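Encoded as structure tokens, the structure appears first; notes follow it.
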Amino acid sequence: MLRRLALALGLTLPAFMAPLAAQAAGEVAEFMLDNGMQVIVIEDHRTPAVTHMVWYRTGAADEPPGQSGIAHFVEHLMFKATDDLASGEFSDIVEANGGSGNAFTSLDYTGYFQRVAADRLGLMMQMEADRMRDLVFDPEEVATERSVIIEERAQRTDSSPGGLFNEQMAAALYLNHPYGIPIIGWRHEMEGLTLEDARAFYDTWYHPNNAILIVAGDVTPEEVLALAEQHYGPIPASDSLPPRLRPTEPPHIADRRVIFEDERVATPYVAIRMLAPVREPGDQAEAAALVYLAELLGGSGQTSLMARRLQIEEERSLFAGAFYDSTSVDPSSFSLVNAPVPGVTLEEAEADLWRMVETFLEEGIDPEHFARIQFQLEASEIYEEDNTQGLARAWGVELTAGLSVADIEAWTEVLAAVTPEDVMAAAQRLFDDPATVTGYLMRPPATDTETDTTEVSQ
Amino acid sequence: MIARIAATLLACVLALPASATIEIEEVTSPGGIDAWLVEDPSIPFVALEFWFVGGSALDPAENRGATYLMTGLLEEGAADMDAQGFAAAVEGLAASFEFDSYRDAVVVSAQMLTQNRDEAAALLRAALTEPRFDEAALERVRAQVVSIIEGNARDPGEIASSTFNAMAYGDHPYGAPQEGTLETVAALTRDDILAAHRAALTRGRVVVGAAGDITPEQLGQLIDGILGALPAEAPPRPGPAGFALDGGTTVVDFPSPQSVAFFGHSGIARDDPDFFPAFVLNEVLGGGGFRSRLMEEVRVERGLTYGIGTSLSLADLSPTLLGQFSSSNALVGEAIEVVRGQWAEIAANGITQDELDAAVRYMTGAYPLRFDGNGRIAGILAAMQSDGMPVDYIENRNDYVSAVTLEDVNRVAARLLRPEALHFVVVGQPEGLSPGN
């Protein structure tokens, strides 16, 4: 039930079995093409299928000022015409071959993938290589697709109080760094995105030396390398690929508060977010300790400290949890969330969260609880092997965050080496006078009474 | 390069794999429970999926929500373990159990490591056969359900589907949300939960799918261990749900920049001789791919939505053809007209041979790729049994799809697609949309 409740609140549960990272890569091979395109192959011969992915080391946080949403807009336009394919033909051919595919844009990366029968891999590479440099920008297509992304924003963000709240929280957390700007874009800037903006972004970032090819499934590294050299190899590298220079955060010296009221809110909650370090190349220990901290404090819906105290013993919370994102280019955030039971105010719920932090720092870690989390992390390697697509995706996230293959392969050991003392030390550092953003998602006081806002007419 | 791509495409189409490559073993446990197994020892764990057919539609009207709440309580303590004790035990074995309630089934998905499988199975057995339903846990989960119901009441997508169902099914269990209402959930007692448990979880109406590192003999014993103590006898299910909704548009006022449209009419049963033509027809109309008629006309051509899809819903007691999309309030009226227009167009003139060929290629090519991973395979095996499919269905399914002719599809289109019967529930503040058109 907690899973469904958390989903309804727009929260993703910190489920342990969700791929934490590409740990279990049984057989992984890495190559580099002469033009600088990185190639990763994850073998899994159980099903005669492959997942073919091309990731670009660019995302919403690399957009020029005033063009929020352009990275995602380009992702949509990549399904339009190239010099060789008509608009929409890319998807037609994938589907005609029994495949499925899509694409995604995040703060740090943009990725394209298809899942097809293993013997179609060359065809996928041929088409993906084609659109890496030969996209055609048609004014009418650009105008129609801009309407589609604005509808996407309306559906995912504007229609969701939780979505709007999260957008405001991020904007408040990052004073200067572009992680404060929504991936989908601010509506007023999306409305002004032009064909020229899209082409400029594409020409800046879509090059083989800024791309990573990941193939997972029923193939051998030798086959992949040969096909990659054939299809991606001839594309010249860009000699003007810019560094990912991003504005950095000034010291956070003030706490900030976000009060967001929306009459569509059903379950009010409080969220506290603070900047947190992430996995750094060659230095992943602090992030590994924070992974444990989030689990111990607010991971499991029954046995974490917050769930045990606030949900079960004191019956003051409907849902209480902690979230931490360990993998990104620049510092991410550690979050605490508390949806109180009716009768407990958001002010009290906020105080409850800090009380849990103090309790954790005072009481320390139950060794049995720690051992269970350690064992679950170990076992997640086994379960993740069952989901090759998930593994491929985890590798893409980690590589585009700037981690090396060696870092990724070491992550399991780094996690296994964490001690309770490490976690306590990391918690002390995280919670020692952090500058926070505290947000209330709530209904406006006037509609807080049980009036039915809906009305039916036929 | 275009000529090369076209040539490759053609060559590849001819070489599409004919069927899935998995091998299903039919297993009957010593205690007489049937299961389907795909044995694969390459990763040391097993995925199990149990579908207890019946689901929340078994709830008596005054106890609506009992099965849903009961299912949520299965992870809240069993035998001598309270909620935290049970959760800690599951975590300590790195097993995972999910309990979900649907209209037609309660679904239990489990994953267990080979190294501690027997201990994990004992925990699952306890959850299913000796749940405690402690008062404290009952109140805690009841509060969570109330929060979900309140959330649904403010979620335009949920309002749309529940309005549609209420109008289509009236007093039949399909007409009410399975979570129940604030009133029915508040009134549920521990005895109601016990009764829901007795009705929903029986040996007599369970189907089992398994995939992973386990032999047929081990699986038989495992299943008996987990399910053996459940009662054999299952209560009767409700009768078919008549579909009482006529064509038209219903507007539900809701403050949002976008409107959600939920639409449909009655569909076609799984055992209807025309099922496969209808299945292919839906793929062309609004199926999973990017290139369906509705995606093409509503999104690609006009930019009226981010996504639109339709599905042949095979709910056991009322098959339907349903669809959904969201559009800005200013655009939703136009989008609805486009959908109605396509409905009428395909009913009158059918689809083209090219569209049929593309759909068949996609459906037959994608099917074998579906069987990836123990968890997914176990789920598919259970779902197939629940639908009454024979074990050789996976082998033959692509032949059924490939056998569909243009004549079949267009005959079925004329029968199935009834633009005048299509009803839209629109939740939002749509502009220029008159409720009765």
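These protein sequence lines map, in sequence, to chains X and S. Sequential numbering of the first sequence, starting at 2, is according to this note's numbering. Sequential numbering of the second sequence, starting at 1365, is according to this note's numbering. Note that CB positions come from ideal geometry on N, CA and C, so glycine has one too. The structure displayed is predicted, hence computed values, not measured ones.
query	result
Give the residues of chain S in contact with F376 (chain X), contact being defined as C-beta atoms less than 9 Å apart.	E1455, G1456, L1457, A1458
With 8 Å set as the bound, which would you pick, yes or no: does the beta-carbon of D1404 (chain S) sit closer than that to a beta-carbon of chain X?	yes
Is any beta-carbon of chain S found at less than 8 Å from that of T106 (chain X)?	no
Pull out every residue of the stretch 1737-1759 of chain S whose Cβ sits closer than 7 Å to any Cβ of chain X, in chain order.	G1737, N1738, G1739
Rounded to the nearest angstrom, what separates M54 (chain X) and R309 (chain X) at their Cα positions?	41 Å
By the three-class DSSP mapping on this structure, what secondary structure does N211 (chain X) have?	helix
Give the straight-line distance between the Cα atoms of E1387 (chain S) and L86 (chain X), rounded to the nearest whole angstrom.	39 Å
Per DSSP, F1409 (chain S) is paired with what?	S:L1477
How is P421 (chain X) classed by DSSP in three states: helix, strand or coil?	helix
Give the DSSP bridge partners of Y113 (chain X), in chain order.	X:V55, X:A104
By how many angstroms is the C-alpha of G1539 (chain S) removed from the C-alpha of M1531 (chain S)?	7 Å
Along chain X, which residues have their Cβ under 7 Å away from the Cβ of P1408 (chain S)?	I383
What does T1614 (chain S) pair with, by DSSP beta-bridge criteria?	S:V1789
Sort out for me which residues DSSP pairs H1629 (chain S) with in a bridge.	S:L1685
Quick one: which chain X residues come within Cβ less than 8 Å of P1621 (chain S)?	A155, D159, S160
Over what stretch of residues does the beta strand (DSSP E) that includes T437 (chain X) continue unbroken?	437-443
Do the stretch 1575-1594 of chain S and the stretch 1436-1455 of chain S make contact, defined as three or more Cβ pairs closer than 8 Å?	no
At 9 Å on the CB atoms, spell out the chain X contacts of L1477 (chain S), in chain order.	A380, I383, Y384
Taking the alpha-carbon of V1549 (chain S) as reference, which of S:V1768, S:V1703, S:Y1432 has the nearest alpha-carbon?	S:Y1432
CB L1594 (chain S) to CB T1566 (chain S), shorter than 8 Å?	yes
What's the gap between the Cα of T59 (chain X) and the Cα of E250 (chain X)?	20 Å
Expressed to the nearest angstrom, what Euclidean distance is found between the alpha-carbon atoms of R317 (chain X) and A1501 (chain S)?	14 Å
Using the Cα positions of Y110 (chain X) and V143 (chain X), report the straight-line distance between them to the nearest angstrom.	22 Å
Give a yes or no on whether the minimum CB-CB distance between T304 (chain X) and chain S is below 8 Å.	yes
For a cutoff of 8 Å on Cβ pairs, would you count S1692 (chain S) as touching chain X?	yes
Name the two residues that bound the continuous beta strand (DSSP E) containing G1576 (chain S).	1570-1576
Please confirm whether R1740 (chain S) and I313 (chain X) have their CB atoms less than 8 Å apart.	no
Does the beta carbon of T1372 (chain S) come closer than 8 Å to any beta carbon on chain X?	For T1372 (chain S), the predicted model reports a pLDDT of 41, less than 50, meaning its position is unreliable and no value from the coordinates is stated.
So T221 (chain X) and E44 (chain X) are in contact, right, with Cβ under 8 Å, and what is the actual spacing, rounded?	7 Å
So T401 (chain X) and W187 (chain X) are in contact, right, with Cβ under 8 Å, and what is the actual spacing, rounded?	The Cβ separation is near 24 Å, so there is no contact.
What does a CB cutoff of less than 6 Å around E1413 (chain S) pick up in its chain, not counting 5 residues either side in sequence?	S1473, G1573, A1742, G1743, A1746
Which of the three DSSP states is assigned to W1707 (chain S) in this structure?	helix
Give me the chain X residues within the contact set of E1514 (chain S), using Cβ-Cβ distance strictly less than 8 Å, ordered along the chain.	A267, T268
What span of residues does the alpha helix (DSSP H) with I374 (chain X) cover, start to end?	368-385
Do you know how far the Cα of R1663 (chain S) is from the Cα of I1512 (chain S)?	32 Å
In chain order, what residues of the same chain have a beta carbon less than 7 Å from the beta carbon of D172 (chain X), not counting five sequence neighbours either side?	A small correction: the amino acid at residue 172 (chain X) is Ala; Asp does not occupy that position in the sequence shown. Only G181 meet the Cβ criterion.
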